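**Student:** Sharing a structure here in structure tokens format.
Residue numbers (this note's numbering): 1151 to 1699.
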């Protein structure tokens, strides 16, 4: 599927731009009027960006990548930050991608790669050459977005690749020779090959619809496999036994879950309102587990109204899908059941102790609800992380503190907390990885006794205090003050790790400082195992952002 690969390329809408303060640029600036102006920011719609004009006026975000200036802006306009809405659902959700480039325009109502490229006169001329090779005018390229045109998408993708391949980090740096001196012939050829590939596939620009149809067909296949009599009929062929049918069903569900963890939900109808209600805080597995209970059965059905019966019937239909684990993420520790105070767009990630594999949850029915489908047989103890909409870890359980008995998350993470849980799963840090702090609370009454209430604070893994001692004990004897990996002071060691790209925050277990330490492509052999405390400490530090703390 080209979806994530191509949409991540679109960020490059900026790629060959220069900023420049030439008289040509200023001559293109327009004077502001008192009317409002809507600016569309595209690399795929960019949500939550900062959009500023030359006077420092900040546009107000509207929706779907649109921003409003009142009064109209003075050009140039600069766009920074934000998140690319990969699934184009109008909200920041798991699978969306952080925008790490700046875009700009000197005129008009669109900010894209093309407009950014046109800021600098030198790259503007090359933009015209690119446009003409596709039968497009400069006006076409300046006014269309990758969403509207496959040609623009192809241009965006290849230019983004060029920027990444050439380590271009600032697309508005007019002094960067790699931006100004790119090979127009080679780039044009690459773009045409990419565009021809789209045409040969017969692929529409918005391929997500086709991909959704495929994944929903897979989900339908799962439901067929689970139907009464189907397993028995398939087993009758001799070579297909029950275990194989169940395995196929499981694999299809996992495939669907992995797709949705990146692209968003496939087959749920989202509410138009801000508060999409679906049993937030209740035990998800009561309906969605392998042995669901009758969560919506009434104790006195005779007293139910017709409307309530219809509502329950609809709820039952919505709850047909089974998954392995589900939860609701809140913004307050002791939130009551319901949609109030849920943390929309946040999700969960499990890191398994026995394999160091990662399980990503997807956004589920109802704001704040998440779930995942996976093979329970692979799960031993695990650490749970809460992930914000930009992919950052904002809360974690104690290291490897959970097991198979804790997959029905809301059964323990109630408003008051049960079975040792302090309350809800929340979108902020509140638990101490190593120990709880006891804080005495004295009641102001005569003859009162001192009551001790356990409270907790978050302690992230520290590079200086937790990680550096491991390197000093395990690595310094060989590396010392030599080579790419210099183990001397904490500051020098941290800089050397960054210099050779030793950490991978997106997939911490693939970080070279971990793979080499466990013996992969490492002349020094195995330093520690992937089940050791040292491994877990460094892995968790990377998960938390690999900070120089």
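Glycine included, each C-beta is placed from N, C-alpha and C at the ideal position. Remember, predicted model here, so these are calculated numbers, not experimental data.
Which residues in the same chain as residue 1694 place their Cβ atom closer than 8 Å to its Cβ, once the five residues preceding and following it in sequence are excluded?
**Tutor:** Taken in chain order, the residues that qualify are 1543, 1546, 1610, 1611.
**Student:** Which of the three DSSP states, helix, strand or coil, is assigned to residue 1153?
**Tutor:** Bear in mind that a pLDDT of 41 at residue 1153, under 50, signals an unreliable position, so the model cannot answer this.
**Student:** How far does the beta strand (DSSP E) with residue 1105 in it reach, from first residue to last?
**Tutor:** Here the chain comprises residues numbered 1151 to 1699, so residue 1105 is not present and cannot be evaluated.
**Student:** Which of the three DSSP states, helix, strand or coil, is assigned to residue 1642?
**Tutor:** Residue state, collapsed to three classes: helix.
**Student:** Give, in chain order, every unbroken run of the beta strand (DSSP E) that is at least 3 residues long and sits entirely within the region 1199-1281.
**Tutor:** Within the region 1199-1281, the complete beta strand (DSSP E) runs of at least 3 residues are 1200-1202, 1216-1219, 1227-1230, 1253-1255.
**Student:** Just to confirm, is the Cβ distance from residue 1263 to residue 1247 under 7 Å?
**Tutor:** Contact flag unset, no.
**Student:** With DSSP run on the structure shown, which of helix, strand or coil describes residue 1532?
**Tutor:** Three-state result, residue 1532: strand.
**Student:** In angstroms, rounded to a whole number, what distance separates the CA positions of residue 1621 and residue 1647?
**Tutor:** Approximately 11 Å, taken between the alpha carbons.
**Student:** By alpha-carbon positions, which one of 1276, 1331, 1316, 1266 ends up nearest to residue 1322?
**Tutor:** Of the candidates 1276, 1331, 1316, 1266, the one whose C-alpha sits nearest the C-alpha of residue 1322 is 1266.
**Student:** On the CB-based measure, 16 or more other CB atoms within 10 Å of its CB, does residue 1562 come out buried or exposed?
**Tutor:** Its Cβ being crowded by 16 or more others within 10 Å, residue 1562 is buried.
**Student:** Could you say if the region 1285-1293 and the region 1309-1323 meet the contact criterion of at least three C-beta pairs nearer than 8 Å?
**Tutor:** Because the criterion of three Cβ pairs below 8 Å is not met, the region 1285-1293 and the region 1309-1323 do not touch.
**Student:** Of the residues 1539, 1530, 1223, 1696, which one's Cα is nearest the Cα of residue 1513?
**Tutor:** Checked all of 1539, 1530, 1223, 1696; the closest Cα to residue 1513 is 1539.
**Student:** Among 1651, 1300, 1255, 1279, which one has its Cα closest to the Cα of residue 1268?
**Tutor:** It is 1255 whose Cα lies nearest to the Cα of residue 1268.
**Student:** Are the beta-carbon atoms belonging to residue 1533 and residue 1555 less than 7 Å from one another?
**Tutor:** Not a contact, by the Cβ cut-off of 7 Å.
**Student:** Take the Cβ of residue 1607 as the centre, count every other Cβ of all protein chains shown within 10 Å, and call the residue buried at 16 or more, exposed below.
**Tutor:** Any reading at residue 1607 needs caution, since the residue's pLDDT is 41, under 50, leaving its predicted position unreliable; the model's value is listed next. With fewer than 16 other Cβ atoms within 10 Å, it is exposed.
**Student:** Name the two residues that bound the continuous beta strand (DSSP E) containing residue 1546.
**Tutor:** 1543-1546 is the extent of the beta strand (DSSP E) around residue 1546.
**Student:** Does DSSP put residue 1428 in a helix, a strand or coil?
**Tutor:** In this structure, residue 1428 counts as coil in the three-state DSSP scheme.
**Student:** Kindly indicate which three-state DSSP category residue 1549 falls into: helix, strand or coil?
**Tutor:** Three-state DSSP puts residue 1549 in coil, outside helix and strand.
**Student:** Taking residue 1665 as part of the beta strand (DSSP E), name the residues at either end of that continuous run.
**Tutor:** Taken as a continuous stretch (DSSP letters only), residue 1665 belongs to no beta strand (DSSP E), being part of the alpha helix (DSSP H) at 1662-1665.
**Student:** Can you tell which of 1517, 1188, 1625, 1617 has the C-alpha that lies nearest to the C-alpha of residue 1674?
**Tutor:** Cα-wise, what sits closest to residue 1674 is 1625.
**Student:** Could you work out which residue in 1697, 1438, 1636, 1496 is closest to residue 1615 when comparing CA atoms only?
**Tutor:** When each option's Cα is compared against that of residue 1615, the closest is 1697.
**Student:** Going along the chain, which residues of its own chain have a beta-carbon closer than 6 Å to the beta-carbon of residue 1658, five neighbours each way excluded?
**Tutor:** So the list reads 1689, 1692, 1693, once near-sequence residues are dropped.
**Student:** Within its chain, find whatever has a CB closer than 7 Å to the CB of residue 1679; leave out the 5 residues flanking it on each side and keep chain order.
**Tutor:** So the qualifying residues of the chain are 1668, 1685.
**Student:** So, using beta-carbon positions, are residue 1480 and residue 1493 closer together than 7 Å?
**Tutor:** Yes, they are a contact pair.
**Student:** Determine the closest residue to residue 1212 out of 1190, 1205, 1229, with distance taken between C-alpha atoms.
**Tutor:** Closest option to residue 1212, Cα to Cα, is 1190.
**Student:** Does DSSP classify residue 1507 as helix, strand or coil?
**Tutor:** If DSSP states are grouped into helix, strand and coil, residue 1507 belongs with coil.
**Student:** For residue 1322, list the residues DSSP reports as bridge partners.
**Tutor:** Per DSSP, none; premise fails for residue 1322.
**Student:** Is the separation between the beta-carbon of residue 1196 and that of residue 1249 shorter than 7 Å?
**Tutor:** In contact: residue 1196 and residue 1249 (Cβ atoms closer than 7 Å).
**Student:** Assuming residue 1739 contacts residue 1431 under a Cβ cut-off of 8 Å, what Cβ separation, rounded to an integer in Å, is found between them?
**Tutor:** As displayed, the chain neither begins before 1151 nor continues past 1699, which places residue 1739 out of reach and without an answer.
**Student:** Note the first and the last residue of the continuous beta strand (DSSP E) segment covering residue 1287.
**Tutor:** Neither: residue 1287 is in no beta strand (DSSP E) and is coded neither H nor E.
**Student:** Checking 7 Å against the spacing of the C-beta atoms, do residue 1434 and residue 1476 come in under that value?
**Tutor:** Contact flag set, yes.
**Student:** Excluding five sequence neighbours on each side, which residues of the same chain lie with their C-beta closer than 6 Å to the C-beta of residue 1163?
**Tutor:** Because the pLDDT at residue 1163 is just 32, under 50, the model does not fix this residue reliably, and the value given afterwards should be weighed accordingly. So the qualifying residues of the chain are 1193, 1262, 1263, 1306.
**Student:** Exposed or buried, what is residue 1457 when buried is set at 16 or more other beta-carbons lying within 10 Å of its beta-carbon?
**Tutor:** Low local confidence applies: a pLDDT of 47 at residue 1457 is under 50, so the model's placement there is unreliable, and no value is given.
**Student:** Do residue 1187 and the ligand NAD come close, with the Cβ less than 6 Å from some heavy atom?
**Tutor:** The ligand content of the structure shown is nil, which means the ligand NAD is not present either.
**Student:** DSSP three-state call for residue 1476: helix, strand or coil?
**Tutor:** If DSSP states are grouped into helix, strand and coil, residue 1476 belongs with the strands.
**Student:** Considering only DSSP beta bridges, list what residue 1519 is partnered with.
**Tutor:** Paired residues: 1478.
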